Every structure is written in structure tokens, then in C-alpha cells.
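Residue numbers (UniProt numbering): 1 to 179.
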């Protein structure tokens with residue numbers, strides 16, 4: 001074991017790692033592939049901006065999940081950033097029995113984007129991507145997406161957050177009276 005600033009480090013286990021990572025607040029998104037009858041959707045909170053030139057982002061999906069083969073075959077996906085009022089969608093699309101096809105399109109009030117994938121016009125933002133690269137990393141695959149289209153919602157909704165195993169929100173901004 002190694003002592004670092006008073007803490008002892010040992011080989012971490014999955015539960016300890018997951019708990020520690022849960023202390024890092026993240027945004028919540030819906031990853032979509034396909035549209036119409038071919039729509040598949042999953043809740044995702046692993047989104048990272050990678051590059052501004054070219055515009056690249058990174059998502060991580062389970063290597064043995066149903067999303068990866070669809071994205072690899074099609075070569076495209078969309079990341080839809082959810083707002084706090086869309087918490088129910090995040091909860092619904094993280095279940096194994098989540099809606100697919102036309103049912104998913106209707107539930108999301110989604111539209112077909114320029115890449116042929118479902119976009120949520122009510123999302124805080126969405127990023128339509130072509131797959132630039134795939135890297136196997138343990139039990140997940142990292143997908144680097146080249147952003148070819150994006151949209152932003154101009155309404156003043158708060159983003160949906162995930163922290164310590166539960167959904168949350170940003171603290172309310174102080175009012176003029178409190179300032």
C-alpha cells in the first residue's frame with residue numbers, strides 16, 4: 001500500500017470505484033441511433049468534449065450492449081442533453097425494457113435529424129455525430145464522434161444532473177432581492 005496525503009491506497013474494488021466516481025456530478029443525456037421504426041435510445045452520462053478543430057466528442061457505451069453494434073454499423077449517433085424536467089425520460093430509457101422504434105420516437109417527441117437519427121428538439125442541446133473512431137476500453141467502447149450538426153434550446157431550463165447515484169439539479173440562482 002502507498003500513503004498519499006494521509007490516505008492508504010489499495011487495489012480498489014468495483015463498488016468502491018463506482019461510489020467514488022459517483023461523487024463527480026455529470027450531465028444526463030439520451031444517446032439515439034436510428035429513427036422511425038429503427039430508433040434505439042439509451043440514457044448516458046459519459047459525454048466529454050474532445051476537440052474544437054475538428055469538433056469531436058466522446059461517449060462510452062457497453063461493449064456487449066445493444067447500442068454499440070447499431071452505431072458501428074450505421075456510423076452515426078446523436079447525443080441529446082436533457083433538462084431537469086426531462087428526468088422521467090432519463091429514468092425510462094435506462095431500463096432494459098425501454099421503448100424502441102416508433103414508440104420511442106413518440107415518447108420523445110423526436111424528429112429525424114440530418115444524420116438520420118432521432119433528435120429531441122426540446123433537449124438543452126443535441127449533437128449529431130458521425131463515428132470518427134472506436135476504442136475498446138475494458139468492458140466499454142469509447143466512441144469519438146465528429147459533430148456534423150447541433151441544436152440548442154433557448155429556453156431557460158436547468159440541465160439534468162446525476163450525482164451520488166441520483167438525479168439532481170443546480171441550486172437556484174439568487175434573486176435580485178437576495179443579492
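Glycine residues also receive a C-beta, built at the ideal position from the N, C-alpha and C atoms. The structure displayed is predicted, hence computed values, not measured ones.
Quick one: what does DSSP say residue 106 is sitting in, helix, strand or coil?
It is helical.
Using C-beta distances below 6 Å, list every residue in its chain close to residue 19, excluding the 5 sequence neighbours before and after it, in chain order.
Nothing meets the Cβ criterion.
Is the beta carbon of residue 29 less than 8 Å from the beta carbon of residue 52?
Not in contact: residue 29 and residue 52 (Cβ atoms no closer than 8 Å).
Per the DSSP calculation, residue 30 is bridged to which residue(s)?
43, 80, per the DSSP bridge assignment.
With distances taken Cα to Cα, identify the nearest neighbour of residue 111 among 49, 23, 76, 39.
Nearest option by C-alpha distance: 39.
Starting from the Cα of residue 41, find the closest Cα among 104, 160, 139 and give me that residue.
When each option's Cα is compared against that of residue 41, the closest is 104.
What residue from 166, 65, 116, 171 has the CA that sits closest to residue 37's CA?
When only C-alpha atoms are compared, the closest one is 116.
Decide yes or no for the touch test of the region 133-142 against the region 83-98: beta carbon pairs closer than 8 Å, at least 3 of them.
These segments do not touch.
So with Cβ pairs under 8 Å, would you call residue 110 a contact of chain C?
In summary, chain C is missing from the structure at hand, where a single protein chain is found.
Grab me the residues of residue 47's own chain with a C-beta within less than 8 Å of its C-beta, minus the 5 sequence neighbours each way, in chain order.
Only 26, 27, 29, 57, 58, 59, 79, 81 meet the Cβ criterion.
May I have the straight-line CA-CA distance separating residue 113 from residue 11, to the nearest angstrom?
For residue 113 and residue 11, the distance between alpha carbons rounds to 45 Å.
Tell whether a beta-carbon distance below 8 Å holds between residue 148 and residue 120.
No.
Return helix, strand or coil for residue 16, following the three-state DSSP convention.
Residue 16: helix per DSSP, three-state reduction.
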